[in-house]
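S.K.: Residue numbers (our numbering): 3 to 257.
Dumping the structure here so I can ask a few things about it.
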């Protein structure tokens, strides 16, 4: 507890899943956090959970694919807390699984606009806010950006791009005292996935069988990694892409 006392920052895509878990865990560690999501209903519920446990939280609706929205989010965070020490850029989307020859240009562009441009807009304006005082940025990417997955070409392309965007930003951020890292979650038990398993329970066993640790990840385990990377405990870690997957990525190469 209190690992982040005195620190202020933001989380995008905080309305559910990993983003919500990150928001809750950051607040538990003493941080003041501005949460955002494209849908207000989710972030209102996140704020309610945090305030009921004694944390400090505010929210701002934001579509990260629109640079003006991102600027408003940064301004709202500074207006509320006076500074930005950290950011968890978690918001993102995937394409509907489909062979690449069936994917429309519009769908490809939509994924790029949110996952690549959206993350770029966030990093750009976070750098502007942090350049005098330093800070820590964590981007949520995916192991899909590091390994071959069929029928997800736009998503895989976008996440591979953000992994290298993270590394490039880390090189520029170093002299400014800004650390930039990313997490690559393995299959994680989000509410969406839990609903899927309720309909097809055998799929959970099939997915877990590919994980050396024998189970799927919890959102809270992703959040713990985010807190560590944001904290001063990780003061010399930058440019890292951290897999939190129970060994699944390595496991696929040992078969």
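Where is the CB? At the ideal position from N, CA and C, for every residue including glycine.
Owing to the predicted nature of the structure, the values given are computational and were not obtained by experimental measurement.
Given this structure, state the Cα-to-Cα distance separating residue 273 from residue 83, to the nearest angstrom.
M.R.: Only positions 3 to 257 of the chain appear in the structure, and residue 273 is not among them; the question remains open.
S.K.: Enumerate, from N- to C-terminal direction, the unbroken alpha helix (DSSP H) stretches of 4 or more residues contained entirely within the region 127 to 189.
M.R.: As far as the region 127 to 189 is concerned, its whole alpha helix (DSSP H) runs of at least 4 residues are 155 to 175.
S.K.: Please go through the same chain and pick out, in chain order, the residues whose beta-carbon is closer than 8 Å to the beta-carbon of residue 248, but skip the five residues on each side of it.
M.R.: Closer than 8 Å at the Cβ level, and outside the excluded window around residue 248, lie 188, 213, 214, 215, 216, 217, 218 and 219.
S.K.: In its own chain, which residues sit with a C-beta less than 8 Å from the C-beta of residue 133, not counting the 5 before and 5 after it?
M.R.: Excluding positions up to five away in sequence, the list reads 178 and 180.
S.K.: Taking its Cβ as the centre, do 16 or more other Cβ atoms sit within 10 Å of residue 255, making it buried, or is it exposed?
M.R.: Note that residue 255 scores a pLDDT of 47, beneath 50, so its modelled location is shaky; the value from the coordinates is reported in the next line. Exposed, since its Cβ has fewer than 16 Cβ neighbours within 10 Å.
S.K.: Take every Cβ of the region 32 to 43, pair it with every Cβ of the region 51 to 71, and state whether three or more of those distances are shorter than 8 Å.
M.R.: They touch, by the three-pair rule.
S.K.: Rounded to the nearest angstrom, what separates residue 70 and residue 244 at their Cα positions?
M.R.: Each residue's alpha carbon lies about 30 Å from the other.
S.K.: Please identify the residue among 26, 11, 44 and 154 whose C-alpha is closest to the C-alpha of residue 2.
M.R.: This structure does not reach residue 2, given that the chain is present from 3 up to 257, and the question cannot be answered.
S.K.: Is residue 221 buried or exposed, if buried means 16 or more other CB atoms sit within 10 Å of its CB?
M.R.: The residue in question, residue 221, is buried, as its Cβ has 16 or more Cβ neighbours within 10 Å.
S.K.: Assuming residue 30 contacts residue 88 under a Cβ cut-off of 8 Å, what Cβ separation, rounded to an integer in Å, is found between them?
M.R.: Contact flag wrong, Cβ pair sits at about 15 Å.
S.K.: Tell me whether residue 172 counts as near the ligand MN, meaning its Cβ is closer than 8 Å to at least one heavy atom of that ligand.
M.R.: This structure lacks the ligand MN, and indeed carries no ligand of any kind.
S.K.: Give me the residue from 75, 77 and 136 with the minimum Cα distance to residue 234.
M.R.: Here the closest residue by C-alpha is 136.
S.K.: How do the region 38 to 52 and the region 4 to 19 stand: do at least 3 beta-carbon pairs fall below 8 Å, yes or no?
M.R.: Touching, per the Cβ criterion.
S.K.: Quick check: residue 230 and residue 156, are their CB atoms within less than 9 Å of each other?
M.R.: The answer is no: Cβ separation not under 9 Å.
S.K.: According to DSSP, simplified to helix, strand and coil, what is residue 63?
M.R.: Correct three-state label for residue 63: strand.
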